[in-house]
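Beneath this line is the structure, given in structure tokens, with notes to follow.
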Amino acid sequence: MQTEENIENATFYGQNIHLAYNLELEQFAFIHTDLFWIFGQNKENKNLQYLLSLLNPEMFEDAKNAFDRLSLGTFSGSLQLPLTLNHITYWFRIIPFTASPKSKNIILATVENITSEIKDKDFLMKYANKKNSILQMLAHDLRGPLSIANTVVKTIDRKLIAPEVVKKTDYLGNILDESLNLIDSLVSRESRDATANALIRTKVDIVKILKDYWEECKRSSKLADRHFDLRITINQLFIDLDNSKFMLIMNNLLSNALKFTRPGDKITVGLLDTPNTIELNFSDTGIGIPNESLPFIFDEYTSAGRPGLNGEPTMGLGLSIVKAIIVWHGGSIHCESSVETGTTFYISLPKEAS
32 MQTEENIENA
42 TFYGQNIHLA
52 YNLELEQFAF
62 IHTDLFWIFG
72 QNKENKNLQY
82 LLSLLNPEMF
92 EDAKNAFDRL
102 SLGTFSGSLQ
112 LPLTLNHITY
122 WFRIIPFTAS
132 PKSKNIILAT
142 VENITSEIKD
152 KDFLMKYANK
162 KNSILQMLAH
172 DLRGPLSIAN
182 TVVKTIDRKL
192 IAPEVVKKTD
202 YLGNILDESL
212 NLIDSLVSRE
222 SRDATANALI
232 RTKVDIVKIL
242 KDYWEECKRS
252 SKLADRHFDL
262 RITINQLFID
272 LDNSKFMLIM
282 NNLLSNALKF
292 TRPGDKITVG
302 LLDTPNTIEL
312 NFSDTGIGIP
322 NESLPFIFDE
332 YTSAGRPGLN
342 GEPTMGLGLS
352 IVKAIIVWHG
362 GSIHCESSVE
372 TGTTFYISLP
382 KEAS
């Protein structure tokens, strides 16, 4: 129940204000009753230190930076933060602003529980990422046998004499050509759609994204006849990232790896956490890239482009798009490769948006 003091404070600050923090006294001047469930029954919990103890450690620096900027009057916008109570994580959107009622330095904040919204976004993101990995696998595994069938049909066609039979093999060849063009069109459309929009970064758990994506790859490993290995030793890591564009990076690198590896080869992704960046490496044990081609692989419509082992066409833009997206994020990418040994792409991405 609201106390008389709390009712007065709610009237004073307004119904849309959920927190008021006194900078001089370093304590809350007001906590709306809608937030009492977070602080519990213990009055000693109603302080900033208690809230910080609930905060995911990965997000502490974000909260501190926002608080410092707010104290200086340079913060604008909102902040999304996760708090963990009784082993359950809740997400909140906080819109803070400064005021000076009764000559006291006060930070006011509107607080909204957005846990359901975040869960819905995570759910959609998870299945969108699954769709991306499945699309790349199917594109590779459908194109291989279709290309072989198309080659066989055209070889037979050249040896046939009977006009009616030639007509039928021509018809079959046209169907196979259209099927191959459809696969290429679907893959290239995914790239165009993902790069058409401006960079939209949100705070995401890169570990969860990679694990979900790679799990789908492993489910398709029998179909692809490749071994998929994920090397991550941390459980959670939040960074500022445009997820849809990051998936385009993964899709292009996966497509390349599938095109230039043989059945039984290994494709590996590793993740390292450094103080300011994440270091991602994507490697395969395929046929590698010739030394003379390495300096040009990130160029648009590069002459270093080549068809895959099953005749997959080069789109000319794949790795240039990968590099562009990484640069948009303020990161970098380079490649090391050895013919008949394999290829590794090294990607560095900043944790925080600049």
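If you're matching positions, the sequence shown starts at 32 in this note's numbering and goes up one per residue.
Yeah, the Cβ is synthetic: ideal placement off N, Cα and C, and Gly gets one too.
Inter-residue Cα distance where the pair is residue i and residue j
{"i": "H63", "j": "Q267", "result": "32 Å"}
{"i": "I378", "j": "E55", "result": "45 Å"}
{"i": "G373", "j": "P113", "result": "41 Å"}
{"i": "N96", "j": "F67", "result": "25 Å"}
{"i": "L155", "j": "N312", "result": "26 Å"}
{"i": "G104", "j": "R250", "result": "51 Å"}
{"i": "E381", "j": "N78", "result": "Correcting the residue type first, residue 381 is Pro in the shown sequence and not Glu. Between P381 and N78, the C-alpha separation is close to 32 Å."}
{"i": "F70", "j": "L85", "result": "10 Å"}
{"i": "E1", "j": "E323", "result": "Given a span of 32 to 385 for the chain in the structure shown, any question on residue 1 remains unanswerable."}
{"i": "I320", "j": "S369", "result": "6 Å"}
{"i": "Q111", "j": "E371", "result": "47 Å"}
{"i": "N53", "j": "E89", "result": "26 Å"}
{"i": "L116", "j": "Y81", "result": "11 Å"}
CB of residue i within 8 Å of CB of residue j, strictly
{"i": "F128", "j": "E143", "result": "no"}
{"i": "T292", "j": "D315", "result": "yes"}
{"i": "L101", "j": "F91", "result": "no"}
{"i": "I126", "j": "S147", "result": "no"}
{"i": "L302", "j": "I263", "result": "yes"}
{"i": "V238", "j": "I265", "result": "yes"}
{"i": "D30", "j": "R257", "result": "Only positions 32 to 385 of the chain appear in this structure, which leaves residue 30 out of reach."}
{"i": "I356", "j": "K276", "result": "yes"}
{"i": "N287", "j": "G349", "result": "yes"}
Buried versus exposed, by CB contacts within 10 Å (16 or more), residue i
{"i": "E247", "result": "buried"}
{"i": "L279", "result": "buried"}
{"i": "F269", "result": "buried"}
{"i": "D230", "result": "Checking the displayed sequence, the identity of residue 230 turns out to be Leu instead of Asp. Label assigned to L230: exposed."}
{"i": "K354", "result": "buried"}
{"i": "V300", "result": "buried"}
{"i": "H49", "result": "buried"}
{"i": "S134", "result": "No answer about S134 holds up, because its pLDDT of 44 lies below 50 and its placement is not dependable."}
N-terminal and C-terminal residue of the beta strand (DSSP E) that residue i is part of
{"i": "G319", "result": "Neither: G319 is in no beta strand (DSSP E) and is coded neither H nor E."}
{"i": "I138", "result": "I137 to N144"}
Test: residue i CB closer than 8 Å to a CB of chain C
{"i": "N287", "result": "No chain C is present in this structure, which holds just one protein chain."}
Where the alpha helix (DSSP H) through residue i begins and ends
{"i": "K95", "result": "F91 to L103"}
{"i": "K407", "result": "This structure cannot speak to residue 407, because the chain is shown only from 32 to 385."}
3-residue-minimum beta strand (DSSP E) runs that sit fully inside the region 231-268, ordered along the chain: 233-236 and 258-262
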